[in-house]
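>
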Amino acid sequence: MDYNKVYKEYYKISLWLIAALYLIGMLVVQCVMRSSYIHMLTISAVFSLLTASIYGGAWKAIAIQSPAVLGKFYLAASALRMLLAFLVILVYALVVKNRQEIISFAVIFMIFYLVLLAFDTIYFARLEKNNKIKN
25 MDYNKVYKEY YKISLWLIAA LYLIGMLVVQ CVMRSSYIHM LTISAVFSLL
75 TASIYGGAWK AIAIQSPAVL GKFYLAASAL RMLLAFLVIL VYALVVKNRQ
125 EIISFAVIFM IFYLVLLAFD TIYFARLEKN NKIKN
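Mapped onto our numbering, the consecutive letters of the sequence shown carry residue numbers 25 to 159.
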């Protein structure tokens, strides 16, 4: 298996998903005329880009070094990403202190988080399934 190719494909699809979510969000911002959502979208997109990049790079490194540990990696990386997501929402809540903005941010952020979580699950489940069939 070519790990670089898998990582590049994963990152490319992640980037497209994040861009699509961001553009859909910008369309909603234009429709409801709430410019305060722009920074919420930006924070969510940047978090998603960083975590997708780190997740993909870590996956590639572990897949090359010790592929037998990948099952534990998927669990640990998902848990770490969830804790980081909670931390970002908590920090935003402490900074903003406006209940309505916190709820709006949490909803927007969780949409990005859940879409990428579903993508990661589907992408790597298919990859592992195809890899087991070939072996």
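Note that the Cβ used here is the ideal one computed from N, Cα and C, for glycine as well.
1) What does the alpha-carbon distance come out to for the pair VAL30 and ASN122?
2) Which residues in the same chain have their Cβ closer than 7 Å to the Cβ of SER59, if we skip the five residues on either side of it in sequence?
3) On the CB-based measure, 16 or more other CB atoms within 10 Å of its CB, does VAL112 come out buried or exposed?
4) Just to confirm, are ILE42 and ALA82 a CB contact at a threshold of 7 Å?
5) Quick one: complete alpha helix (DSSP H) runs, 4+ long, within the stretch 38-121?
6) Which class does MET25 belong to by DSSP, given the choice of helix, strand or coil?
7) Less than 7 Å between the beta carbons of TYR27 and ILE88, yes or no?
Working from what's here:
1) Taking the first residue of the sequence shown as position 1, residue 30 is located at position 6. Taking the first residue of the sequence shown as position 1, residue 122 is located at position 98. About 42 Å.
2) Looking up residue 59 in the sequence shown gives position 35. Once the five neighbours on either side are set aside, the close Cβ partners of SER59 are VAL53.
3) Numbered from its first residue, the sequence shown carries residue 112 at position 88. Counting Cβ neighbours within 10 Å, VAL112 comes out buried, since at least 16 surround it.
4) Taking the sequence shown and counting its residues from 1, one reaches residue 42 at position 18. Taking the sequence shown and counting its residues from 1, one reaches residue 82 at position 58. Taking C-beta atoms as the reference points, ILE42 and ALA82 fail to come closer than 7 Å.
5) Counting only runs of 4 or more residues that sit fully inside the stretch 38-121, the alpha helix (DSSP H) segments are 61-89, 94-120, in chain order.
6) As a first step, residue 25 is located in the sequence shown; it is residue number 1 there, counting from the start. In the structure shown, MET25 sits in coil (DSSP, three-state: anything other than H, G, I, E or B).
7) On the sequence shown, residue 27 is found 3 positions in, with the first residue counted as 1. On the sequence shown, residue 88 is found 64 positions in, with the first residue counted as 1. At a Cβ-Cβ threshold of 7 Å, TYR27 and ILE88 count as neighbours.
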